[in-house]
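Asks: Okay, here's the structure, questions in a sec.
There are 4 protein chains.
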Amino acid sequence: MSTDTEKIGRADYPHFLTIPTRWMDNDIYGHVNNVVYYSYFDTVINAYLIHAGGLDIHAAAIIGVCAESACRYRAPFAFPQNVEAGLRVGHLGRRAVRYEIGLFAPGAPEAAADGHFVHVFVERASMKAVPIPEEIRAALEPLKPAG
Amino acid sequence: MSTDTEKIGRADYPHFLTIPTRWMDNDIYGHVNNVVYYSYFDTVINAYLIHAGGLDIHAAAIIGVCAESACRYRAPFAFPQNVEAGLRVGHLGRRAVRYEIGLFAPGAPEAAADGHFVHVFVERASMKAVPIPEEIRAALEPLKPAG
Amino acid sequence: MSTDTEKIGRADYPHFLTIPTRWMDNDIYGHVNNVVYYSYFDTVINAYLIHAGGLDIHAAAIIGVCAESACRYRAPFAFPQNVEAGLRVGHLGRRAVRYEIGLFAPGAPEAAADGHFVHVFVERASMKAVPIPEEIRAALEPLKPAG
Amino acid sequence: MSTDTEKIGRADYPHFLTIPTRWMDNDIYGHVNNVVYYSYFDTVINAYLIHAGGLDIHAAAIIGVCAESACRYRAPFAFPQNVEAGLRVGHLGRRAVRYEIGLFAPGAPEAAADGHFVHVFVERASMKAVPIPEEIRAALEPLKPAG
C-alpha cells in the first residue's frame, strides 16, 4: 500500500462509482463521520460484484465476507456532496481479494481518503472459505493494475 | 393525508432527487430496512433547503428540527437500486412546515412508499421556535400544490 | 393514538429495553438524528419477538415486515445517553400487529418521543401475508393494555 | 500491531464498554455489517473521552478527528447480542493518539475483531492540528500498556 505522504490520483483506479452523501452521514462536527466511509467502500465493491460479476446477494451459495478493512482520512467530505469512489484490485488470490479504494471530491485530482478491503469468499451455509467463483474472478481481473 | 388505498403518483410531487441505495441499507431480509427510508426523507428535504433555500447547516442561527415523521411502506426497495424521492409541501405555517414525500422505483408510476415529515424552525442556541426564515419560506412556496 | 398534547408515561408500556446511543447517532445539530429513533423502534420490537416469541430471523419461514411507522419528537436525545424504549401492543389482528413505542430518558416520567410501527406477517419466500404464528401471538398478547 | 495469527485477549484492554447490537446492524448475510464495527470503535472511544477526559463534543474548541482506522474481522457478531468493546492506547503522541480496540462476544476469551483508530486533535474552527488538551492526555495515560 502507498505510504502516508504519497498522493493518490484518479489514474490509480480503473472503476468509479458516484455516491451522493446523505444528511445523516454528517456527524456532530459537521463532516461525514469516519464510519460512513466504509459504507462507501462496500457499496462500490458490492455494486461492482453484482453488476460485473453476476453476484446474487439474495441467493448465491458463495458470498464474499469482509476479513479486513482500513481507511486513511486526508480531507473531509460533507453533506450535500457527491463522493466519487474509485476501485482497483491490489491482490487477487485463490480465495480472497484485496480491493483498494480511493474516495475523491468531484473534480479533485487527489483522493480525500483511501483504503483497502479484503473479501474472503465462503460457502454461505457453512461459512467455510472456498475458491473465488469464476464469474467473479473474471470480473475482478480487469481491475488489477497493468504490468 | 391520502388514505391507505390511494395511489400516489409522480405528478403529486414538484421536486425530485435521485438517491442510490447502499449495500448496508439492506437488512437481513434482503430489502432496504424501514429505518433507512427516513434517511431518504431527510436527505431530499435538507438538500432542497440548502440548495433552494440557502440553509447553512454549519452556521445558520435558525435551523429546522423534526417534530414528527411517518411512512407507509407499499413495495420494497433493495440494493443496488436508485430511489427517486419526490417532495412537496403539504402545509406551510408560520413556524413549521409539513413536507410530503413519495419514494419511487425508477420508471414506476406509483410510489413504493410515502410519508410526511414536519420541520419546526428553532433558534439554534435556545431551541425556541421562531418564524420560518424568509429565504426558506420563499423556497418552500413553489412546492405547495396548486390551489 | 394519543393526541399531541397528551403526556405519555412509563405505565403505558409493559415492556422496556435499554438502548445506549452511539457516537454516530448524533447529527450535525448535536442531537440524535430523527432517523435513528426508528432503529430504536425496530430494535425493541425484534428483540422482543426473538426472545419472547421465538422468532428465528435467520431461518423463519414467516417474518414480520414493516407496513407503517411514525414518530413524534418531543425532546431530544444525545450521545452519550441511554434510551429506555417502552413497548406495548395497540392492536393485534390476524395478520398484523400495531406496536406502540415510547422512548424515555433515564428517570424521566414522560416520553421524549413516541410512535407506532405496524408489522404484517408474510411468508418469507413469497412475501404473501399470512396469519401471525401462534408462538408470536402468544408473546404479543401480554403487551396489550388491560381492559 | 499484532500479526494475523496472534490471539487478542481481554487482558490486553484496560477499559471496556458494552454495546448492544441493533436490528439494522445485521446485513443481508445475517451478521453485523463490517461498517458497523467502526461505529462500535468510535462509540467506546468518544464515550471514554467524554466521561474520563471531559470532552465537550458540543462546545469544545479542540476536538479529535479520525486520521486512520482499521479492523480485522475474525468471527461474526449478530443481532441480538452484546458486544464488549475493549480499549487501550497504543501510542500517545503530542498531537495524536492511536487507540487499539478489541471487540468480544460476552464471555469469549478472544476478540472477534480488533483494530485501531487514530485521533488527531485539531482546533475546531480552523481544523489545524494542536497539542492534545491536558485533561484528555491525563485520561489517556492510564490506557497505555504497562512497561
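Protein chains in written order, with this note's numbering: chain A, 34 to 180; chain B, 34 to 180; chain C, 34 to 180; chain D, 34 to 180.
Ideal Cβ placement from N, Cα and C applies to all residues, glycine included.
#1: Using a Cβ cut-off of 7 Å, which residues of the segment 45 to 79 of chain D contact any Cβ in chain B, in chain order?
#2: Taking all protein chains shown into account, decide if proline 166 of chain A is buried (16 or more other Cβ within 10 angstroms of its Cβ) or exposed.
#3: Kindly list the residues whose CB is nearer than 6 Å to the CB of asparagine 115 of chain B, restricted to its own chain and excluding five residues on each side of it in sequence; keep chain order.
#4: Can you grab the Cα-Cα spacing for the pair alanine 118 of chain A / aspartate 58 of chain A, in whole Å?
#5: If we cut at 9 Å on Cβ distances, does isoleucine 41 of chain C have a partner in chain D?
#6: Excluding five sequence neighbours on each side, which residues of the same chain lie with their C-beta closer than 8 Å to the C-beta of glycine 87 of chain B?
#7: Listing by chain order, which chain B residues have their CB less than 7 Å from the CB of histidine 91 of chain A?
#8: Expressed to the nearest angstrom, what Euclidean distance is found between the alpha-carbon atoms of histidine 84 of chain B and asparagine 67 of chain C?
#9: Can you check DSSP and say which residues form a bridge with arginine 131 of chain A?
#10: Determine the DSSP secondary structure at threonine 76 of chain C, reduced to helix, strand or coil.
#11: Does the count of Cβ pairs from the segment 102 to 110 of chain D and the segment 154 to 162 of chain D closer than 8 Å reach three?
#12: Does any residue of chain D bring its CB to less than 9 Å from the CB of phenylalanine 150 of chain A?
#13: Roughly how many angstroms separate the alpha carbons of glycine 148 of chain D and glycine 148 of chain B, rounded to a whole number?
#14: From what residue to what residue does the alpha helix (DSSP H) around leucine 173 of chain C run?
#15: Given that a residue counts as buried once 16 or more other Cβ atoms are within 10 Å of its Cβ, and exposed if not, what is glycine 97 of chain A?
#16: Helix, strand or coil for serine 35 of chain C? Go by DSSP, reduced to three states.
#17: In or out: proline 178 of chain B buried (at least 16 other Cβ within 10 Å) or exposed?
#18: Would DSSP call isoleucine 41 of chain B helix, strand or coil?
#19: Using alpha carbons as the reference points, say which of C:Trp56, C:Ser72, C:Tyr62 and C:Arg55 lies closest to aspartate 15 of chain B.
#20: Whose C-beta lies closer than 6 Å to the C-beta of valine 77 of chain C among residues of the same chain, with five residues either side of it excluded?
#21: Compare the C-beta of valine 163 of chain B against all C-beta atoms of chain C and say whether one is closer than 9 Å.
#22: Roughly how many angstroms lie between the CA atoms of isoleucine 134 of chain A and tyrosine 106 of chain A, to the nearest whole one?
#23: Could you check where the beta strand (DSSP E) with arginine 105 of chain C kicks off and where it finishes?
#24: Where does isoleucine 83 of chain D fall in DSSP's three states?
#25: Kindly list, in the order they appear in chain D, the residues whose Cβ is closer than 7 Å to that of alanine 141 of chain A.
#26: Counting only beta-carbon atoms, is glutamate 167 of chain D nearer than 9 Å to chain A?
#27: Starting from the Cα of valine 65 of chain B, find the closest Cα among B:Val122, B:Phe110, B:Leu136 and B:Gly42 and give me that residue.
#28: Helix, strand or coil for valine 69 of chain A per DSSP?
#29: Identify the contact partners of isoleucine 83 of chain B in chain A, using a Cβ-Cβ distance below 7 Å as the criterion.
#30: Chain C partners of glutamate 101 of chain B, CB-CB under 8 Å?
#31: Using a beta-carbon distance below 9 Å, is serine 35 of chain C in contact with chain B?
#32: Name, in chain order, the residues that DSSP records as bridge partners for leucine 186 of chain A.
#33: Figure out for me which residue from A:Ala141, A:Asp89 and A:Phe154 has the closest Cα to the Cα of glycine 126 of chain A.
#34: Find the nearest neighbour of alanine 93 of chain A within the set A:Glu174, A:Arg157, A:Pro175 and A:Leu176, judged by alpha-carbon distance.
#35: Report the three-state DSSP secondary structure of leucine 136 of chain B (helix, strand or coil).
Replies: According to the structure shown:
#1: Met57, Asn59, Asp60, Ile61, Gly63, Asn66 and Val68
#2: buried
#3: Here the set comprises Thr51, Pro53 and Pro139.
#4: 16 Å
#5: no
#6: Glu168, Ile169 and Ala172
#7: Gly63
#8: 21 Å
#9: A:His124 and A:Val151
#10: helix
#11: Touching, no.
#12: yes
#13: 40 Å
#14: Membership of leucine 173 of chain C in the alpha helix (DSSP H) is indicated by the continuous run 167 to 173.
#15: buried
#16: A caution first: serine 35 of chain C carries a pLDDT of 40, below 50, which makes its placement in the model unreliable, though a value can still be read off. In this structure, DSSP gives serine 35 of chain C a state outside helix and strand, which the three-state scheme calls coil.
#17: Exposed.
#18: Looking at isoleucine 41 of chain B - three-state DSSP - the assignment turns out to be coil, as it is neither helix nor strand.
#19: Chain B is shown from 34 up to 180; residue 15 of chain B falls before or after that span and cannot be answered.
#20: Closer than 6 Å at Cβ, skipping near neighbours: Leu50, Ala118 and Leu120.
#21: no
#22: 12 Å
#23: 95 to 106
#24: helix
#25: Ordered by position in chain D, no residue passes the 7 Å Cβ test against alanine 141 of chain A, which lies about 17 Å from the chain.
#26: By this cut-off, glutamate 167 of chain D is not an interface position.
#27: Minimum Cα distance to valine 65 of chain B is reached at B:Phe110.
#28: helix
#29: Isoleucine 83 of chain B reaches chain A at Pro113, counting residues in chain order whose Cβ is nearer than 7 Å.
#30: Those within 8 Å of glutamate 101 of chain B in chain C are Ala103, Cys104, Arg105 and Tyr106.
#31: For serine 35 of chain C, the pLDDT reaches just 40, beneath the cut-off of 50, and the residue's location in the model is therefore unreliable, although a value from the coordinates is still provided. No, serine 35 of chain C lies away from the interface with chain B (no Cβ there is under 9 Å from its Cβ).
#32: No answer is possible for residue 186 of chain A: the residues shown for chain A start at 34 and end at 180.
#33: Cα-wise, what sits closest to glycine 126 of chain A is A:Phe154.
#34: A:Arg157
#35: Correct three-state label for leucine 136 of chain B: strand.
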